[in-house]
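S.K.: Input: one structure, supplied below.
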Amino acid sequence: MTDILEKGGITRRTVLAGAGALVVSFSLLSRSLAQEATQPPAPEPPKLPGSLDENRFLDAWIRIDADGAITVFTGKAELGQGIRTALLQVAAEELDVEPGDIELVTADTGRTPDEGFTAGSQSMQNSGTAIRHAAAQVREILFAEAARRLAVASGELKAEGKAVIASDGRSVGYGELVSAQMLHIEARPQSSVKQPGTFRVMGKPMPRVDIPAKVTGGVAYVHDLRLEGMLHARVVRPPSPGARLANLDASGVEAMPGVVSVIRDGGFLAVVSEGEWQAVAAMRALATAARWEEVATLPEQADLPAVLQDLEREVGVVSESGSPDIGDGKTFEATFTRPYQIHGAIGPSCAVARIEGERLTVWSHTQGVYPDREAIAEMLGMPLEQVRVIHMEGSGCYGHNGADDAAADAALIAQKLPGRPVRVQWMREQEHAWEPYGPAMLVKVRASLGGDGRISGWNYDLWSNTHSTRPGGAGALLAARHKEQSFTPKTPELNISPSGNGDRNANPTYVLPNKRVLWHFLPDMPLRVSALRALGAYANVFAVESTMDELALAADADPVEFRLRHLEDPRARAVVELAAERFGWSNAAPPSGRGRGFGFARYKTLAAYLAVAVEAEVERETGRVRVVRAVSAIDSGEVVNPDGIRNQTEGGILQSISWTLYEAVTFDDTRITSIDWSSYPILRFASVPDSVEVHIIDRPGEPFLGTGEAAQGPVAAAVGNAIRNATGRRLYDLPFTRDRVRNAIGA
Amino acid sequence: MAISLKVNGATHQIDADPATPLLYVLRNDLSLNGAKFGCGLGQCGSCMVMVEGEAVLSCVTPIMLLEGREITTVEGLGTIEEPGPVQEAFIEMQAAQCGYCIPGMMMSAQALLQKNPAPSEEDIRNALSTNLCRCGTHMRILAAIRRAGEVMQSAGMTSTNRRTG
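Protein chains in written order, with full-length UniProt numbering: chain A, 1 to 747; chain B, 1 to 165.
Structure, rendered in structure tokens:
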């Protein structure tokens, strides 16, 4: 196992360090660049496509060995979203080889480019775009070299079987064509990428390359990593966020079978054993032996709107135009809330760490190997270059969960036991209680209709924490906060950005000439929060799209037609029209106990377009809501793997149904009380829809827009709108639990 | 005192505390990756295996109860080169996102299909009542199990001709 994971001993750093100045012969340059080169040199380096802009050398992305072995490097990580397969498709298309000819190396600080976090549905835009252009440029270089050697025009060559072939049958293998530093050149801004009509691999469904091992018991996750001499560790977390360790007598635990070490570093407690079950038993004993002083630090859950408003310290203007208070017709005013919600990975967070000499290696399902490395190095006081973080898959994370914390736990424990690899896995209760949650939010909307049946004024106020407390610094890690020499988290700052954070999708895609959108920013975080799939877009789209439905009713308009009335972007209109058509949208009365609901958003107001129509049934006696069917349409730009887009979108729809109908973190004034699947219920098979459809609008030649998070907000809204349609009552507070539904409809 | 466990047709002498849940023995003593730790509470089904044809939560079943009984994990359903019908169907329907819960789903499905090769939609949903999926792969999981049922039926893999214990 170690050999497999650590092969390819040459690191990217040594490659880069060993390289001299860049010399590119003009014969390799395209005509367009040759023309540019006659102009005066630009003061700034040219903007390169995707993540090439930050990692500019071709060989940071693609390596071809003398034996023809092709390796592609990405700084992004497979999270179960299928990125490994889609990136292979992109690389194979542009390199003119088969996906199976390529070894893809994902996020590893020792080998791959630094692409920050695998987050925000940006892997295709950033890494996919970079690999596509790098591969196209490598292919051009190979063809130019083959043309020179075979003394034929490049246009008379074709690629087959990892070789360049002339029309007379002579061929040269890719491996033979590449010489030492040939690919160690900076990428150019333009590339001759394949034209959509000529695709062999892209745009076609490709079975996920990781699924066969996952269904047959192969090593697929960091949880499955077994290193020689590996020890098993468990941490003992405080019983509540504000608790301090008063005293501990660990002697009984140290004497337990298999226990190698009991670790106490300030308030950080862990046990290390030869066997995993022994570690679990020792963890329980240690938890019993520890005495904590608990402090009531949590807010009043039942009064969340007031709590959030009290925490406001600053206001940011997200968008402002015209006169938002204008309106001579009907006005709709409402307050919406979203609770704290968990990521809830089915497999609790896990990591393996090992100190060898001066060097630390950590295997982690982190979303950001480079930022995690920096945080861990800071926590341990180690030089950055002595720490390597290697991504291995975990259970699906859907954002910033316990992954980085588990990596830090393993690293801190491994530092105290040099030479022995240490595997840490969290318990279910720890994952539920300690992962950073998706932040609670409050939204107040006041919108009015004009005499022309259009929205005349729009006031939108949201209250939220930041939605990202990722590393960034050791203070982001639980272990670093709890240890004796502790680190404190950075104070979050209000930042209004185009893609948004808590304010993501607060500014609707609809044409609203008179609007004011404000983010009331809450720097204090009574509960630990960070990025959960879609960030603020989940609650904001829910609020915006609920409002759109109420305004449509006030305007006596069909909800779909009312949306189209306010949409100018043809791609936005296209998904709305397609979802409505495939659903069979109509205003005929729904069957008794059922309702129809619609939702739309352009994710981040600048990425994928998604519209969804749902039919839901509402049991009046119990308040139980079930989505019977959902029909969606998505445009995420040029399609690489259509089945990947479908799979991600189906998943987003079902996960959002789960969030929307069932999920809320619960707590008293001191402790988190939702600590397992019984106290934090999620969607079960009995309640999944009868059918879910995903219709894709392909946009050949357009940029990749990303897919993974587009459904979260629109689905929440569509479910709420369907309940409104079925019962005549609108629900303003997520989730739509049975009690809330029953109370709303007065059953 | 060693306990004798019969896993995927092979007998192993396990030297462990008899109270150890089967899951830990499968993963650590036998290096089998299929069964996963999800909750340790019997709430999520990631650790599901079959014991004599019944779906059993291995995270809460101590090995002392399993001496000499036929235990099947996902590794016993087939291999990556020669996947069994349930595995084949999950690959064909691309019924995984992160895939962590999937082996548990497959074991619940296998136990169902061995007893009832032509299950109704309700039968399938009931058989998966303790299995949780967080990625939202439910529709594909249901489709894969329907597909596996068809394949097993046409291959005559019914309860009288079962593939595994």
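Cβ atoms here follow ideal geometry from the backbone N, Cα and C, with glycine treated the same way.
Checking contacts by CB at 8 Å: is B:C101 closer than that to chain A?
M.R.: yes
S.K.: What are the boundary residues of the alpha helix (DSSP H) that B:F90 is part of?
M.R.: 85 to 92
S.K.: What residues are listed by DSSP as bridge partners for B:M50?
M.R.: B:A55, B:T72
S.K.: Beta-carbon of B:Q13 versus every beta-carbon of chain A: anything under 8 Å?
M.R.: No, B:Q13 does not count as interfacial toward chain A.
S.K.: Should the region 371 to 391 of chain A be regarded as contacting the region 13 to 30 of chain B, the criterion being three or more beta carbon pairs within less than 8 Å?
M.R.: no
S.K.: Starting from A:F199, follow the alpha helix (DSSP H) in both directions and report where the run begins and ends.
M.R.: No alpha helix (DSSP H) contains A:F199, which DSSP labels as neither H nor E.
S.K.: Check whether the Cβ atoms of A:D635 and A:L412 lie closer than 8 Å to each other.
M.R.: Not a contact, by the Cβ cut-off of 8 Å.
S.K.: Please confirm whether A:T74 has its beta-carbon closer than 8 Å to some beta-carbon of chain B.
M.R.: no
S.K.: If we ignore side chains and look at the alpha-carbon of each, how far apart do B:A55 and A:H482 end up?
M.R.: 41 Å
S.K.: Name, going along the chain, the residues of the region 647 to 681 of chain A whose beta-carbon falls closer than 7 Å to a beta-carbon of chain D.
M.R.: Within the model displayed, chain D is absent; protein chains A and B are what it includes.
S.K.: Indicate whether at least one CB of chain A lies closer than 8 Å to the CB of B:A96.
M.R.: yes
S.K.: How big is the Cα-Cα spacing for A:M124 and A:I83?
M.R.: Distance from the CA atom of A:M124 to the CA atom of A:I83, rounded to whole angstroms, is 8 Å.
S.K.: On a Cα-Cα basis, can you pick out the residue from A:E320, A:I455, A:L269 that is closest to A:K416?
M.R.: A:L269
S.K.: Taking only beta-carbon positions, decide if A:F685 is within less than 8 Å of chain B.
M.R.: yes
S.K.: Straight-line CA distance for A:V152 to A:L606?
M.R.: 45 Å
S.K.: Which residue marks the beginning of the alpha helix (DSSP H) containing A:V639, and which one marks its end?
M.R.: Careful: A:V639 lies outside any alpha helix (DSSP H) and carries neither H nor E.
S.K.: Where does the unbroken beta strand (DSSP E) through A:L518 begin, and where does it stop?
M.R.: Annotation for A:L518: the continuous beta strand (DSSP E) segment containing it runs 515 to 521.
S.K.: Compile a chain-ordered list of the residues in the region 376 to 397 of chain A whose CB is closer than 9 Å to at least one CB of chain B.
M.R.: E393, G394, S395, G396, C397
S.K.: Count the CB pairs spanning the region 339 to 350 of chain A and the region 369 to 376 of chain A that are closer than 8 Å, and state whether there are at least three.
M.R.: no
S.K.: Quick one: list the residues of chain A neighbouring B:V74, beta-carbon separation under 9 Å, in chain order.
M.R.: V215, T216, G217
S.K.: Using only alpha-carbon positions, find the residue among A:R563, A:A187, A:D643, A:R428 that is nearest to A:I675.
M.R.: A:R428
S.K.: In terms of alpha-carbon separation, which member of B:G149, B:L128, B:T137 lies closest to B:Q43?
M.R.: B:L128
S.K.: Within the 8 Å Cβ cut-off, does B:P119 reach chain A?
M.R.: no
S.K.: Tell me whether A:A605 sits in a helix, a strand or coil according to DSSP, three-state version.
M.R.: Strictly speaking, residue 605 of chain A in this sequence is Thr, with Ala absent from that position. If DSSP states are grouped into helix, strand and coil, A:T605 belongs with the helices.
S.K.: Relative to the C-alpha of A:A717, which residue among A:V236, A:S468, A:S658, A:Q195 is closest?
M.R.: A:S658
S.K.: With distance defined between alpha-carbon atoms, name the residue in A:A107, A:S154, A:P257, A:F199 nearest to A:E94.
M.R.: A:F199
S.K.: May I ask you to list, following chain order, the residues of the region 131 to 153 of chain B that have a beta carbon less than 9 Å from some beta carbon of chain A?
M.R.: N131, L132, C133, R134, C135, G136, T137, H138, M139, R140, I141, L142
S.K.: Using three-state DSSP, classify B:S159 as helix, strand or coil.
M.R.: Legend: pLDDT at B:S159 = 47, less than 50; position of this residue unreliable, value from coordinates given subsequently. Residue state, collapsed to three classes: helix.
S.K.: DSSP puts A:K162 in a beta bridge; with which residues?
M.R.: Bridge partners of A:K162: none, in fact.
S.K.: Give the residues of chain B in contact with A:H133, contact being defined as C-beta atoms less than 8 Å apart.
M.R.: For A:H133, there are no neighbours in chain B by C-beta distance under 8 Å, as the nearest C-beta there is about 28 Å away.
S.K.: So which residues of chain B does A:L79 contact, with C-beta pairs closer than 8 Å?
M.R.: C98
S.K.: With 8 Å set as the bound, which would you pick, yes or no: does the beta-carbon of B:P85 sit closer than that to a beta-carbon of chain A?
M.R.: no
S.K.: Could you tell me whether the Cβ atoms of A:W434 and A:G402 are closer together than 8 Å?
M.R.: yes
S.K.: For B:V7, I'd like the list of residues in its chain whose CB is within less than 8 Å of its CB, leaving aside the five on either flank, ordered along the chain.
M.R.: L26, L30, L32, I71, T72, T73, G76
S.K.: Restricting to Cα atoms, I'd like to know which of A:Y538, A:A408, A:S586 is closest to residue 752 of chain A.
M.R.: In the structure as shown, chain A starts at 1 and stops at 747, and residue 752 of chain A therefore has no counterpart that could be examined.
S.K.: What is the rounded straight-line gap between the Cα of A:V688 and the Cα of B:M139?
M.R.: 8 Å
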